[in-house]
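A short worksheet on the structure shown next.
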Amino acid sequence: MENLVNKDLLLKGDKNQIVQELNGVRFKYKKSAYIVRARERFMNDGKLNIRIKIKELEMYLKQDIGWLRT
């Protein structure tokens, strides 16, 4: 993990670059894909912003379960 951060691959590296740094890690191909997918999901305008996604999820859940209250 330190290598990914030090080489700035965690936020900018592609799947193949990340795989090369995950030597000795079990399921490194899957994990590299998960890292890229999470980054795509939580990056907003080049910045990592998880709060926005959490707020969106909260709003969705409130709407989705609103029918239970009535």
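If you read the sequence shown in this note's numbering, its first letter stands for residue 37, the second for the next number, and so on. All C-beta atoms, glycine included, are put in the ideal place defined by N, C-alpha and C.
Looking only at C-alpha atoms, which of the options sits nearest to residue i?
{"i": "D50", "options": "V72, Y96 and N85", "result": "V72"}
{"i": "Q53", "options": "M79, N80 and S68", "result": "S68"}
{"i": "K48", "options": "F63, Q99, I88 and L84", "result": "L84"}
{"i": "Y65", "options": "V55, N59 and A74", "result": "V55"}
In the DSSP assignment, the alpha helix (DSSP H) including residue i goes from what residue to what residue?
{"i": "K66", "result": "K64 to F78"}
{"i": "V41", "result": "E38 to N42"}
Reducing DSSP to helix, strand and coil, say where residue i ends up.
{"i": "L47", "result": "helix"}
{"i": "L97", "result": "helix"}
Mind checking if residue i is an interface residue toward chain C, Cβ cutoff 8 Å exclusive?
{"i": "L40", "result": "Of the protein chains in the structure, only one exists, and it is not chain C."}
Can you grab the Cα-Cα spacing for the pair residue i / residue j, in whole Å?
{"i": "Y96", "j": "G82", "result": "24 Å"}
{"i": "F78", "j": "E94", "result": "15 Å"}
{"i": "N42", "j": "K91", "result": "30 Å"}
{"i": "L40", "j": "G60", "result": "14 Å"}
{"i": "R75", "j": "Q99", "result": "26 Å"}
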